[in-house]
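A short write-up of the structure that comes next.
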Amino acid sequence: MNDRYDAGSAGFGADQYELVGYDEYGRPVYRQVPTQQTQQQTYDPYTQQHQQGYGYDPYAQQGQQSPPAYDYGTGGQPAPDYGSYDPYGTATHQGGAQGAPHDPYGRTAAGTTGRQPRTAEQTAPQTAHIPQQAGPDHDRQDHAEPHREYHTEQFAFVEEPDANSEDVIDWLKFTENRTERREEARRRARGRIVALAVVLALVVAGGVGYLWYAGKLPGLSSEDSKAGTATAAGAQKRDVIVVHLHDTKGGGTSTALLVDNTTTERGTTVLVPNSLALTSDDGTTTTLAKSVDDDGSDGTRDALDTVLGTDIEGTWRLDTPYLQNLVDLVGNIDVDTNAEVPDPAAKKKGEAPLVNKGRDQTLSGKMAVAYATYRAPGEAQNAQLERFGQVMQGVLRKMSSDPQAATTTIQTLAQILDPSLTDKDLGTFLAGLSDLAKGGDVKTDLLPVQNDGTLSAQASARVVKNVLGGTAKSPDKDAAVSVSVQNATGVKDNTEKARVVLLNGGFTFLEGGTGTALATSRVVYADAADKANAAEVAKTLGLPAGSVTKGKTSGSSDVSVVLGQDYEPSAG
Numbered sequence: 000m001n002d003r004y005d006a007g008s009a010g011f012g013a014d015q016y017e018l019v020g021y022d023e024y025g026r027p028v029y030r031q032v033p034t035q036q037t038q039q040q041t042y043d044p045y046t047q048q049h050q051q052g053y054g055y056d057p058y059a060q061q062g063q064q065s066p067p068a069y070d071y072g073t074g075g076q077p078a079p080d081y082g083s084y085d086p087y088g089t090a091t092h093q094g095g096a097q098g099a100p101h102d103p104y105g106r107t108a109a110g111t112t113g114r115q116p117r118t119a120e121q122t123a124p125q126t127a128h129i130p131q132q133a134g135p136d137h138d139r140q141d142h143a144e145p146h147r148e149y150h151t152e153q154f155a156f157v158e159e160p161d162a163n164s165e166d167v168i169d170w171l172k173f174t175e176n177r178t179e180r181r182e183e184a185r186r187r188a189r190g191r192i193v194a195l196a197v198v199l200a201l202v203v204a205g206g207v208g209y210l211w212y213a214g215k216l217p218g219l220s221s222e223d224s225k226a227g228t229a230t231a232a233g234a235q236k237r238d239v240i241v242v243h244l245h246d247t248k249g250g251g252t253s254t255a256l257l258v259d260n261t262t263t264e265r266g267t268t269v270l271v272p273n274s275l276a277l278t279s280d281d282g283t284t285t286t287l288a289k290s291v292d293d294d295g296s297d298g299t300r301d302a303l304d305t306v307l308g309t310d311i312e313g314t315w316r317l318d319t320p321y322l323q324n325l326v327d328l329v330g331n332i333d334v335d336t337n338a339e340v341p342d343p344a345a346k347k348k349g350e351a352p353l354v355n356k357g358r359d360q361t362l363s364g365k366m367a368v369a370y371a372t373y374r375a376p377g378e379a380q381n382a383q384l385e386r387f388g389q390v391m392q393g394v395l396r397k398m399s400s401d402p403q404a405a406t407t408t409i410q411t412l413a414q415i416l417d418p419s420l421t422d423k424d425l426g427t428f429l430a431g432l433s434d435l436a437k438g439g440d441v442k443t444d445l446l447p448v449q450n451d452g453t454l455s456a457q458a459s460a461r462v463v464k465n466v467l468g469g470t471a472k473s474p475d476k477d478a479a480v481s482v483s484v485q486n487a488t489g490v491k492d493n494t495e496k497a498r499v500v501l502l503n504g505g506f507t508f509l510e511g512g513t514g515t516a517l518a519t520s521r522v523v524y525a526d527a528a529d530k531a532n533a534a535e536v537a538k539t540l541g542l543p544a545g546s547v548t549k550g551k552t553s554g555s556s557d558v559s560v561v562l563g564q565d566y567e568p569s570a571g
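Just so you know, we're using numbering that gives the first Met the number 0 here: the sequence shown kicks off at 0 and counts up by one.
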């Protein structure tokens, strides 16, 4: 398409047109250039008169007149003249005032031409339009840009690929991975530190607990010389009751101390061996088993207070029939048994035992009595004593924690108690220990007694001082005759039986070992003053009077005994 019509174009004759400007929509406006120049006139469509033109024609020669512009979209009628278009606004209109402001529509300021300003309707431009005719693109853009409004969504942004983008992405990934590895390493290090701290804390706690249990903590051991240590241990409030189990069928007794420490809220069952040396009422040395039989409840309680430095509040004599009824009343007990107990009523050997060995064995009253009094051949008395302690622990766990209910259980037994201990006192005491036992706060300790019946320093530190809050004070060894016993019978158990018999007789027992088997027994004394003591030893052991002779005794003993095959144990 041509940018303009030539002079010889069809429909326009020989006239030529030239571009005078663009309307507000960016369309070109042309005017006819006649071949014969006439005086410049301006066509006014309102007054239908030719007056002096308003605009300045930048394309016309100076002094020439421009013909009126035609609107070719209206059938060739002349178009309104809006004045000449001055793209730079530097030219002045002919006949106008010098330096007047430039009007882009060709209008001059009021007063320069003597005419009144036109209204908005009068000045509304009527655009000349030539169909299928487009002006130059650069002119259209230059004049259309000030009238158009562009929005962001009209633009399309194209991301140009960067040659280094892949390298940047790889570097970011490498940095991120290295950072993650460092964080993971830090997390693992923190986890190891926490685990190590927990293990160290457990080790320290376990060590402190063991030292406390063993009585080796500073301030609790007997070796501590600080003035406030004994006072702190003695200041704790303890309730202590001694229990004597009497085996009405097999004979013998078993003794335990029930301790309720109300300060620490812990309980302990202290097992006391029968060989413990005590001082009888007449000042002579005796054993716990002999004291129970000879001195009774009051005398034995006083003797224990003297040796252990305690304050026992009462004595509970528990015969085996009452123990059987007590277990049945609480609804059986559960014990981890360490031996099989044969049924005393069995008529033939090889029948099923009354009590089986194993964990969590449920024992009835009869089974509990059989287990508490059982002592296997060759066993020490302490083994039977520990079984008695297991039965007492099971009874405490099954006893009611309510003082009234526990008192009712004791009253149901219909026992004749020691006057210093009433049914209510015993029931309330057992209810308190039962509450501790159900929470696992009652333990069992064996009082370590040496062969001569005295207490060791370890017993004084761990049990007597820490548990009972007392001070051990064994009878003077010089107050009793020391007897050394050598077993030549060929039966290992005879040594233990002889020891029990001698301790019960008030003698101090010394282990003499095992010798070659001999047919007859001998009782030897070195000092003539000990002749009567030697005769008494032979009588206590059931040996004939002719076995007593003068000779050399072993070690530091006053009397030496060699047991032969003629020895017949009378006590066990």
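Each residue gets a CB set at the ideal place from its N, CA and C atoms; glycine is no exception.
Beta-carbon spacing of residue i, residue j below 8 angstroms
{"i": "residue 440", "j": "residue 183", "result": "no"}
{"i": "residue 488", "j": "residue 516", "result": "yes"}
{"i": "residue 298", "j": "residue 280", "result": "yes"}
{"i": "residue 331", "j": "residue 363", "result": "yes"}
{"i": "residue 502", "j": "residue 286", "result": "yes"}
{"i": "residue 242", "j": "residue 255", "result": "yes"}
{"i": "residue 442", "j": "residue 267", "result": "yes"}
{"i": "residue 309", "j": "residue 504", "result": "no"}
{"i": "residue 384", "j": "residue 270", "result": "yes"}
7 angstroms Cβ shell around residue i - same chain, five flanking residues per side excluded
{"i": "residue 455", "result": "447, 449"}
{"i": "residue 431", "result": "259"}
{"i": "residue 342", "result": "350, 352, 353"}
{"i": "residue 544", "result": "534, 537"}
{"i": "residue 48", "result": "Residue placement at residue 48 cannot be trusted, given a pLDDT of 42 that sits under 50; what the coordinates show is reported in the next sentence. Excluding positions up to five away in sequence, the list is empty."}
{"i": "residue 411", "result": "328"}
{"i": "residue 178", "result": "none"}
{"i": "residue 324", "result": "364, 412"}
{"i": "residue 530", "result": "524"}
{"i": "residue 202", "result": "none"}
Contacting residues, own chain, Cβ-Cβ under 8 angstroms from residue i (five flanking each side not counted)
{"i": "residue 514", "result": "485, 486, 487, 561"}
{"i": "residue 73", "result": "For residue 73, the predicted model reports a pLDDT of 44, less than 50, meaning its position is unreliable and no value from the coordinates is stated."}
{"i": "residue 532", "result": "480, 524, 557, 558"}
{"i": "residue 527", "result": "549"}
{"i": "residue 451", "result": "276, 476, 481, 507, 508, 509"}
Spatially closest choice to residue i from the options, by CA coordinates
{"i": "residue 574", "options": "423, 311, 347", "result": "Any property of residue 574 remains undetermined from this structure, which presents the chain solely from 0 to 571."}
{"i": "residue 399", "options": "391, 426, 355", "result": "426"}
{"i": "residue 482", "options": "500, 469, 466", "result": "500"}
{"i": "residue 16", "options": "22, 27, 23", "result": "27"}
{"i": "residue 507", "options": "411, 277, 296", "result": "277"}
{"i": "residue 573", "options": "542, 468, 381", "result": "Shown here, the chain extends from 0 to 571; a query on residue 573 therefore has no answer."}
{"i": "residue 311", "options": "300, 321, 320", "result": "300"}
{"i": "residue 320", "options": "372, 359, 444, 389", "result": "372"}
{"i": "residue 496", "options": "186, 18, 274", "result": "274"}
{"i": "residue 467", "options": "293, 193, 24, 306", "result": "306"}
{"i": "residue 567", "options": "401, 529, 520, 530", "result": "520"}
{"i": "residue 579", "options": "326, 416, 192", "result": "Absent from the model: residue 579. The displayed extent of the chain is 0 to 571, so no value can be given."}
{"i": "residue 433", "options": "397, 324, 20", "result": "397"}
{"i": "residue 408", "options": "322, 29, 369, 25", "result": "322"}
{"i": "residue 539", "options": "361, 370, 20, 498", "result": "498"}
Spatial neighbours of residue i in its chain, beta-carbon cut-off 6 angstroms, leaving aside the 5 residues before and after
{"i": "residue 471", "result": "454, 459, 463"}
{"i": "residue 564", "result": "488, 518"}
{"i": "residue 419", "result": "313"}
{"i": "residue 316", "result": "243"}
{"i": "residue 445", "result": "270"}
CB-CB length for residue i against residue j, believed under 8 angstroms
{"i": "residue 393", "j": "residue 334", "result": "5 angstroms"}
{"i": "residue 356", "j": "residue 336", "result": "5 angstroms"}
{"i": "residue 252", "j": "residue 291", "result": "5 angstroms"}
{"i": "residue 367", "j": "residue 390", "result": "5 angstroms"}
{"i": "residue 376", "j": "residue 492", "result": "6 angstroms"}
{"i": "residue 429", "j": "residue 405", "result": "5 angstroms"}
{"i": "residue 522", "j": "residue 547", "result": "5 angstroms"}
{"i": "residue 289", "j": "residue 262", "result": "With a Cβ gap of about 35 angstroms, residue 289 and residue 262 do not count as contacting."}
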